[in-house]
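Numbering (the numbering used here), first residue to last: 460 to 549.
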């Protein structure tokens, strides 16, 4: 849980389907944040919405984490769009 002194950023990203949101979550949570970075990041899927929560005691660190997250999110969304919706299990 974040300290009262921590800065916090919460982002909700809607997807067309819950499967797409789960694909994005799995892709973005492969590598944990380094402990020395001082950022706590949590990703969860609620329905078809990916929710990201990041907190840090330093604004610069939070900004760097957020920029990196958004860059990776953009790449994941472009990849999902390029390859189309995921195939459903038969």
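In this text, a Cβ means the ideal position worked out from N, Cα and C, and glycines have one as well.
Keep in mind it's a predicted model, so treat the numbers as computed, not measured.
Inset, instruction - Note down the Cα distance separating residue 476 from residue 544, rounded to an integer number of angstroms. - result: 9 Å
Inset, instruction - Identify every run of the alpha helix (DSSP H) within the segment 476-523, keeping only runs that are complete inside it and at least 4 residues long; order them along the chain. - result: 477-487
Legend entry - Beta-carbon proximity check, residue 509 vs residue 525, cutoff 8 Å: no
Legend entry - Nonlocal neighbours in the same chain, by C-beta distance under 7 Å from residue 494, ignoring five residues either side: none
Inset, instruction - Could you name the residues of the same chain whose beta carbon sits closer than 8 Å to that of residue 541, not counting the 5 residues immediately before and after it, in chain order? - result: none
Inset, instruction - Leaving out five residues on either side along the sequence, give the residues of the same chain with a beta carbon under 6 Å from the beta carbon of residue 504. - result: 480, 481 and 484
Legend entry - Candidates 473, 517 and 472: closest to residue 498 by CA position: 517
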